[in-house]
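In our numbering, the protein residues as written are 85 to 326. Idealized CB from N, CA, C, for every residue including glycine. A quick write-up on the structure given underneath.
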């Protein structure tokens, strides 16, 4: 994850972690700029609206991402409490340049919320260096485990926003409770013990191979798959793949 922050676990899916991030960071009527270019960007919009958050959707065609200049202009024109983005958009394979986006958002009072459910473990992630304030992921993609274990990590700037009440409503997804439990090497509610054991083994495998080698392997296999498809006369749908 590339962080010195506490890492918290929940029994739940990636979608649950998406809701956790929004429910803890934003209250009713607060504003989120949602970068949307796939099914999970669109899901963030639906979750935000269900929570009473004003979701402003900045869209790009599926398979593409949004230039940082466009995002920077939007942030100058309007005030938002958070910028929300999917790191690796599972529905298209489009990868967001988080390093560049983090620099843009870091110049504002907004926090950066990132869904890396299908990115973490397969695409480089440097949460602290890139200014990601709330990072969420889950067990079932590049972390090589069955679904059912959610992961979250929060920066100091993110905690500052979470600790402002602002009419936020959450119980199961309360990151404050999760942090207190993590300090005691526990989860706030029932621990999915088998999934935690599986994740421990998966992380051991990643450590033994070396994270840099794992990332290069993912990149090499992705390039081989695209080359093979192109050789059969197919076109690559996604433009932003690294």
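{"Check": "The segment 263 to 272 in contact with the segment 91 to 99 per 3-pair CB rule at 8 angstroms", "Outcome": "yes"}
{"Check": "Spatial distance of residue 110 from residue 198 (CA atoms)", "Outcome": "14 angstroms"}
{"Check": "Residue 237, DSSP secondary structure in three states", "Outcome": "strand"}
{"Check": "Residue 304 - containing alpha helix (DSSP H), residue span", "Outcome": "295 to 315"}
{"Check": "Proximity of residue 319 and residue 178 at Cβ, strictly below 9 angstroms", "Outcome": "no"}
{"Check": "Contact under 9 angstroms by Cβ, residue 89 with residue 237", "Outcome": "yes"}
{"Check": "Inter-residue Cα distance where the pair is residue 209 and residue 113", "Outcome": "31 angstroms"}
{"Check": "For residue 141 and residue 257, the rounded distance between their alpha carbons", "Outcome": "24 angstroms"}
{"Check": "Pick from 157, 136, 221 and 151 that is closest to residue 170, judged by C-alpha positions", "Outcome": "221"}
{"Check": "Extent of the continuous beta strand (DSSP E) run through residue 139", "Outcome": "138 to 143"}
{"Check": "Alpha helix (DSSP H) runs wholly inside the segment 139 to 226, at least 4 long, in chain order", "Outcome": "152 to 161, 182 to 190 and 211 to 214"}
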